[in-house]
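Everything in the sequence shown is counted per my numbering, starting at 68 for the first residue and increasing by one.
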Amino acid sequence: MDRHLRGLDHLVVAVDDLDEAAERWERLGFTLTPRGRHPAWGTANRCVLLEGGYVELLAVADPRADSPLAAALRAAGAGFFALAFSTDDPAATAAAWRTLGFSARGPEHLTRILEIDGEVELRFCNVMLPPEETLGLRLFACRHETPGLERRPEWLDHANRARRVVSVSVLAEPVEPVAELFERVLGTATRSQTDQLAAFHVGDDRVLVMPAEDVNLLHPEVEAEEREQPARFVSLQVRVEDMERVAEIVAASGLAHRRIADGIAVLPAELGGVALEFTGP
C-alpha cells in the first residue's frame with residue numbers, strides 16, 4: 068500500500084528559549100529562518116532549512132496558550148519532540164494510515180506567520196498520528212503548500228556547508244514492537260535488518276531503530292540509559308560537504324563535541340537533549 072511518503076520532511080525539537088537555542092545552532096554554522104508564529108497554537112519556531120529535510124526549533128511563545136500542542140510541549144520538556152515525513156498527497160496518506168488501523172487526524176490545513184517583510188503567511192498540510200497509537204512517538208506527515216516563500220536561497224546557505232538530514236536514530240527496548248510500528252507507518256518494503264538494528268528507507272533518508280547496545284556503539288555521545296518509554300529519538304545525522312570546515316566551526320563554537328567513526332557529534336547537553344552528528348559526503 069502506497070503511503071505517499073517520500074522522505075524525512077523535518078524533525079521537531081522542543082526548546083525552552085527559542086532565541087537562546089537558535090544562537091547555539093548558529094554557532095555551529097547554521098543559518099536559521101526568522102521567527103515564525105503559529106497563532107492558533109500559541110507557539111513560535113525558527114528553522115534550519117536544508118536541501119533535504121530541516122530541523123524546526125519549537126517553543127511555547129504565549130504563556131497563556133492552552134492549545135494541545137502547547138500543553139504537549141510543556142509536558143515533554145526540551146529535546147526531540149516529533150518526526151515529520153514528507154507526503155505528496157496528504158489525503159492519500161491519511162486514507163492509507165486509517166486502512167492500516169491508525170486513527171489518523173487530517174488532512175489539516177494550517178498556517179504559520181513568518182516575521183519578515185512585515186508578515187508572510189506560510190501554508191502547510193499535516194496528517195497526524197496519535198502518540199497513544201505510536202508507542203509515545205510523535206509521528207506525522209507534512210506537505211508544504213507555499214515552498215517558494217519559505218525556502219529562500221539565503222536560508223539554505225550554511226557556513227558549515229550542511230546539505231541534508233540523512234537519518235534519525237530511535238532507541239527501542241525491545242526493538243521489534245517499535246520496528247513493527249514503523250513497518251505499519253512506512254511500509255514493509257522499506258525495512259532492512261542487520262542483527263538487532265532495523266533500518267527504514269524513505270526516499271533517500273533513513274530511520275534507524277536499535278537497542279541500547281547499538282546506540283552505545285553507533286552514537287557514543289548519547290547516554291542510552293533505560294527509561295520507562297519503549298522508544299525515543301536519540302540522534303540526528305546531517306550530511307555536510309566539507310568535514311574539515313565543520314571541525315573548525317564546531318571547535319570555535321565552544322560547544323562540547325567529540326569525534327565519532329564517520330564525523331563529529333555535538334553532545335546532547337549542548338542542544339537541549341539533541342545529539343547532532345555531522346557526517347561527510
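Every residue, glycine too, gets a C-beta built ideally from N, C-alpha and C. In this text, all values refer to a predicted model and were calculated from it rather than measured experimentally.
With 16 other Cβ atoms within 10 Å as the buried cut-off, status of residue i
i	result
His225	buried
Gln260	exposed
Glu344	buried
Gly340	buried
Gln296	exposed
Leu284	exposed
Thr100	buried
Gly185	exposed
Asn96	Checking the sequence, you will find Gly at residue 96 rather than Asn. It is buried - the Cβ of Gly96 has at least 16 other Cβ atoms within 10 Å.
Pro157	buried
Ala126	buried
Pro335	buried
Glu311	exposed
Asp84	exposed
Terminal residues of the alpha helix (DSSP H) in which residue i lies
i	result
Asn283	279-285
Gly215	214-217
Ala159	157-166
Val233	No alpha helix (DSSP H) holds Val233; the beta strand (DSSP E) holding it covers 229-239.
Val245	242-253
Leu85	85-94
Beta-carbon proximity list for residue i, same chain, < 6 angstroms, skipping 5 on both sides
i	result
Ala298	Leu202, Leu204, Val237, Ala239, Val245
Gly103	Asn112, Arg179, Leu181
Trp164	Ala171
Ala266	Ser259, Arg273, Leu275
Glu337	Leu322, Ala323
Glu304	First, the amino acid is wrong: residue 304 is Gln here, not Glu. Taken in chain order, the residues that qualify are Val233, Ser234, Glu344, Thr346.
Segment limits, beta strand (DSSP E) that includes residue i
i	result
Ala81	72-81
Ser302	298-307
Glu200	Neither: Glu200 is in no beta strand (DSSP E) and is coded neither H nor E.
Glu186	Unbroken run through Glu186: none, as it is neither H nor E.
Thr346	342-346
Sequence-distant residues of its chain with Cβ nearer than 7 angstroms to residue i (five each side left out)
i	result
Ala161	Ala171, Gly173, Pro174, Val194
Asp281	Gln263, Leu264
Ala256	none
Phe169	Leu196, Glu200
Ala88	Val82, Leu124, Gly339
Beta-bridge partners of residue i, as assigned by DSSP
i	result
Met68	According to DSSP, which records beta bridges pairwise, Met68 is partnered with nothing at all.
Leu206	Leu150
His105	Thr110
Ile316	None, per the DSSP bridge assignment.
Phe191	Leu177, His211
Arg141	In the DSSP output, where bridge partners are listed per residue, Arg141 has none listed.
Gln260	Ala265
Ile327	Gly330
Ala126	Ala111
Arg172	Met195
Arg273	Ser234, His268
Leu116	Tyr121
beta-carbon residue i near the ligand GDP non-hydrogen atom, thresh 7 angstroms
i	result
Arg102	No copy of the ligand GDP appears in this structure; indeed no ligand is present at all.
Beta-carbon proximity list for residue i, same chain, < 8 angstroms, skipping 5 on both sides
i	result
Arg131	Gly109
Leu177	His105, Ala107, Arg190, Phe191, Cys192, Asn193
Chain D contact for residue i (CB, 8 angstroms cutoff)
i	result
Arg218	In the structure shown, chain D does not exist; there is a single protein chain.
Inter-stretch contact at 8 angstroms, needing at least 3 Cβ pairs: the stretch 214-225 / the stretch 314-322: With the rule of 3 Cβ pairs closer than 8 angstroms, the stretch 214-225 does not count as touching the stretch 314-322.
Does the count of Cβ pairs from the stretch 119-129 and the stretch 228-236 closer than 8 angstroms reach three? Judged by Cβ distances under 8 angstroms, the stretch 119-129 makes contact with the stretch 228-236, as three or more pairs qualify.
Touch check for the stretch 125-139 and the stretch 248-255: three-plus C-beta pairs under 8 angstroms? Contact between the stretch 125-139 and the stretch 248-255 is absent, with fewer than three C-beta pairs closer than 8 angstroms.
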